[in-house]
Structures are given as structure tokens and as C-alpha cells.
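What follows is a single structure, written as C-alpha cells, with notes after it.
Number of protein chains: 2
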Amino acid sequence: MAKHVQTRDREQTRKLLIEAVGRVLAQDGFAGLGVNAVARAAGVDKVLIYRYFDGLPNLLQAYGESGDFWPSLEEVLGPDENALRKLPLDARTAIIVANLLDALRKRPQTIEILAWEAVQQNALTGALADVREQWSRNVIARVLPDSLKTETDVLALASLLVAGFQYLLIRSRNTKLYGGLALQTDDGWRRIRNALFQAFRLSPPPRSRH
Amino acid sequence: MAKHVQTRDREQTRKLLIEAVGRVLAQDGFAGLGVNAVARAAGVDKVLIYRYFDGLPNLLQAYGESGDFWPSLEEVLGPDENALRKLPLDARTAIIVANLLDALRKRPQTIEILAWEAVQQNALTGALADVREQWSRNVIARVLPDSLKTETDVLALASLLVAGFQYLLIRSRNTKLYGGLALQTDDGWRRIRNALFQAFRLSPPPRSRH
DNA sequence: CTTATAAGTCACTGGCCGGTGACATTTTGT
DNA sequence: ACAAAATGTCACCGGCCAGTGACTTATAAG
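Chains as they are written, first to last, in my numbering: chain D, 1094 to 1303; chain Y, 1094 to 1303.
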């Protein structure tokens, strides 16, 4: 039952559409994201978005499930989880937060979605939010269980710092300087990274693996 | 030469339009901001936007110059600037940052503009950015001159923290929880405020004036 | 009172949008 | 080989948008 070379292939077309979402998102941002633009980018008729995905929201959902938008636990905990566990709470938290920063810096499309999330909710941002929520619960359970019963509010500080660099990542797309920070240079981001450690009272930021 | 009660008054109409911008912004956010919406809200024909302001960008500019979107130096430095000057650098910075947080929390329209700014540039966000840039230079010159030559990068940490709560303010418009922080309760914001001080190694956050 | 000009109204264009129905063509099952 | 179903194309709708030209009406100057 060898299949012909298909000129019409539902799965292939679905894939084209999903990939087109990524391309439109990268090129025009979420502002330009619509059935017409996506269909055009996919080289496919927009009616198929309705037929195969029942509308744009579900297509976005599919797109969200297709990529690795959020770093894995391994990527953020580093190669040696056990060594990490032995550090004091502050150091552990700082390293994880800094690693998260590095991981997100590598994901321009995730940053685009984060920007979107800042202004409106939708299927895509909702999916990402769920993943992230679960992710942070996992991190706490696995390497920061003691953070829940400390005197100082380590988790609040960590969240505030994560919020801070997420915002700076978003702004870096179209802003050169923010409060004296150069958002489009590696040097500026080194400063930001150092400030993270400073907030946790650690002077010399350990290097992240390369 | 006592003027009649005017039924046609250019200045009055300009004012109506400018105020309408604020109303639309507050009600529908920047997504719903357009010549049609603004004109409708002002109860005035949209063609006047072109006649009196030469288009929406200039109208936004006028709106930007009309309100106090950014807190004054006085509002953030507190009533007793001299007392503030005598504190150590960390404490000074922490207090200013925390006061800025309080000041912005009271300005929903500024938060709306900040959200806008995160995703796209335009006349309005540009104007606000200029004001803010100047503002932070003034703060540094007036009460944080020593921050420029410290070992630890106090300004980077301050900027990161400001970025953090700005992002949380933006998110608080349509998100209840972020990283375990309750963004729509005073208690959640107290936690965030405390985390600010914690980042500067100050355990008990001084109360802001009431 | 007359008239020029400013203020404001109205109707329209052209473009893009999301969404749908009717149609043509390929693939699949029998 | 044939019919049914799946795949894809096309033309169209109504709605909202930004922007413009032609119009009416109030105001002010003489």
C-alpha cells in the first residue's frame, strides 16, 4: 500500500500552517498575526485554518505545543543537580534564576509571546502560562523545598527578579537603553546578570556552563 | 468685547478630544485606540483630529503633555529630602524605588502606557520615555550622586527591580497570580515591596508616608 | 447687513480583516 | 472503473479601519 507522492496532504498542510505561525510571529510580532497573514505565509488558503484547526485559537494552541518555548528543568538546573542541591538557598536560587535568564535569551519567539501576554490573554499565552506555572512548582519541589519556610521571602524576590529581566527582554526588542542598561549588548546583559546575584548577596556570579 | 457663549470653539473641541484619549485608553486600552474610537468618545467628528492635530500621533503627543503621568521628584523623594540624603546608599536607593512603586500604583493610565511601550513605540510612549529618562537622571544627580562610583552596581540592581515591578504592574491588569505573587491584592504588593528592600539587604522596610 | 473664514457634519473611498458558501480536483475505498 | 469523501481554490459578505473632499452653518470683520 505504497502511498503516492501526495500533492494533497492534510498533515503536511497542517504542518505548513503551524510553521507559518512561527514565521509570522518572528517577523511581524503578534500585531500582524491573523488568519490572512498566516495563510499567506503558509502559501495556503485561509479556509483550511478553519477546517483543520477550527479557527486561529486552536492553531495557536497547536503551535504552542509544537515548540520548546520554555526551558526544560535540566537546562536550568544545570548538568550537576546534586552539586546544586548542596549550595545554600540563596546561591541555589540565584543560579537558577540566572540560568533561566540565559535560557530565555536564546528564545526570541518565547520573548515575543511574553510580550503578547503582557497586553492580552489568548490560547497561546494561556498555554505558555500553564507550562510556566507547572515548571516553577517543579523547580521548587526539586531543588528549593526549603524556600517555603524561610524568614526572608526568597520566592518573592526571585519572582520579582524574574519579572524584571522578562520585562527587560521584552523591551530589548525595540529599546536600546533602559535606566542606563544597554539592552542590546552582551555587556548590558552581563550587568543585569550580575545584579541578580547581587540581590541575593552573592558577589561573584558563578559562570553558567557554556 | 464680551464673547458669546460659543457653540463652536476650537480650543474647547481640542480639549474634548484630548480628554477622550484618556477615556478610551482607560476603558479599552491602547488596542482600541484609533481615530474613530477617540472621535466617537469625544462626541465629535474624526475629521477634526486631522484638522486640529494633524493626525492621531500628534493628538497622543498632546495628551501625553497634558497629564502628570510620571511622579514628580518630590513625590518620590518624600517630604524630607535632607533626611533621605543622610541615609546609606542602599537605603536611599531602596526607599526611592519603593516610593516609585507606590506612586505608579496610583496611576492606572501610566500603567496602560507602560504596557503599550512594552510592545510598540509611538509618539505617546516616546514622550513618556523621555520624561522618565530625564527623571532618573535628576534623581541620581540630586540624591544618588555616589551611586556612580560604587563597587557593587547599585544602579543596575535598581533598574532591574524597577523593571520587575513595572512588569508586575502591567501583568496585574489581567493576571491574578504571577510566580506565587497575588497581583491584585494589597497583601501581594506588600510582599513585592518587602522583596525590594530585601534585595538591598534591608530587613525591615521603612513605612512610606501615608 | 454682507461676506470671508473658521468650525463642524456627512458621505464616501480603498484597504484589510474574519468568516462562509459554492465550486473544482485529487485521493481513497470498493 | 466508479463513486464518495477529502483536499484545496475562489469569490464573496459585512464590518471596521484611516483618511479625504464636499458640504452646511456659525462666527467675526468690515
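Positions of the beta carbon are idealized from the N, C-alpha and C atoms, including for glycine.
When 1198(D), 1259(D), 1180(D) are compared against residue 1238(D), the one with the closest alpha-carbon: Measuring from the Cα of residue 1238(D), the nearest candidate turns out to be 1180(D).
What runs of the alpha helix (DSSP H), each 4 residues or longer, lie entirely inside the region 1237 to 1283 of chain Y? With a minimum length of 4 residues, the continuous alpha helix (DSSP H) runs that stay inside the region 1237 to 1283 of chain Y are 1247 to 1265.
Can you list, in chain order, the residues of its chain with a C-beta nearer than 6 angstroms to that of residue 1150(D)? Leave out the 5 residues immediately preceding and following it. Listed in chain order, the non-local C-beta contacts of residue 1150(D) below 6 angstroms within the same chain comprise 1216, local neighbours out to five positions each way being set aside.
With a cut-off of 7 angstroms, does the C-beta of residue 1136(D) fall near any C-beta of chain Y? Using beta-carbon distances, residue 1136(D) does not count as an interface residue toward chain Y, since no partner is under 7 angstroms.
Give, in chain order, every residue of the region 1257 to 1268 of chain D whose Cβ lies closer than 9 angstroms to some Cβ of chain Y. Residues passing the 9 angstroms Cβ filter: 1257, 1258, 1259, 1260, 1261, 1263, 1264, 1266, 1267, 1268.
Mind listing, in chain order, the continuous alpha helix (DSSP H) runs of no fewer than 4 residues lying wholly within the region 1194 to 1218 of chain D? Correct list: 1201 to 1212.
Quick check on the DSSP output: the alpha helix (DSSP H) that includes residue 1106(D) runs from which residue to which? 1103 to 1121 is the span of the alpha helix (DSSP H), which, as asked, contains residue 1106(D).
Among 1160(D), 1227(D), 1113(D), which one has its Cα closest to the Cα of residue 1139(D)? The shortest C-alpha separation from residue 1139(D) is found at 1113(D).
So what does DSSP say about residue 1159(Y), is it helix, strand or coil? Assignment of residue 1159(Y) by DSSP, reduced to helix, strand and coil, places it in the helix class.
Distance check for residue 1133(D) and residue 1284(Y), CA to CA, integer angstroms please. Answer to the nearest angstrom: the Cα atoms are 47 angstroms apart.
Nearest-angstrom Cα distance between residue 1095(D) and residue 1105(D)? Here the model assigns residue 1095(D) a pLDDT of 36, short of 50, so the residue's position is not dependable, and the following value carries that caveat. Taking the straight line from one Cα to the other gives about 17 angstroms.
Range of the contiguous alpha helix (DSSP H) that encloses residue 1133(Y): According to the DSSP assignment, residue 1133(Y) belongs to the alpha helix (DSSP H) that extends over 1128 to 1135.
So, with DSSP's three-state summary, where would you put residue 1139(D)? Of the three classes helix, strand and coil, the one that applies to residue 1139(D) here is coil, per DSSP.
Would you check if the distance between the CB atom of residue 1107(Y) and the CB atom of residue 1145(Y) is smaller than 7 angstroms? Contact flag set, yes.
For residue 1102(Y), which of 1124(Y), 1121(Y), 1129(Y), 1141(Y) has the nearest alpha-carbon? It is 1141(Y) whose Cα lies nearest to the Cα of residue 1102(Y).
Any idea what DSSP makes of residue 1182(Y), helix, strand or coil? In the three-state reduction of the DSSP assignment, residue 1182(Y) falls in the helix class, which pools H, G and I.
Measure the Cβ-Cβ separation of residue 1252(D) and residue 1136(Y) and say whether it is below 7 angstroms. For residue 1252(D) and residue 1136(Y), no; Cβs fall outside 7 angstroms.
The alpha helix (DSSP H) spanning residue 1170(Y) covers which residue range? Counting along the chain, the alpha helix (DSSP H) containing residue 1170(Y) begins and ends at 1166 to 1170.
Thinking C-alpha only, which one of 1124(Y), 1170(Y), 1223(Y) is nearest residue 1195(Y)? That would be 1170(Y), whose Cα lies nearest to the Cα of residue 1195(Y).
Going along chain D, which residues have a C-beta under 7 angstroms from residue 1245(Y)? Within chain D, the residues whose beta carbon sits less than 7 angstroms from that of residue 1245(Y) are 1291, listed in sequence order.
Using DSSP with H/G/I as helix, E/B as strand and the rest coil, what is residue 1223(D)? Helix, per DSSP.
Enumerate in chain order the residues of its own chain whose CB-to-CB distance from residue 1210(D) is below 6 angstroms, with the five nearest sequence positions on each side excluded. So the list reads 1218, once near-sequence residues are dropped.
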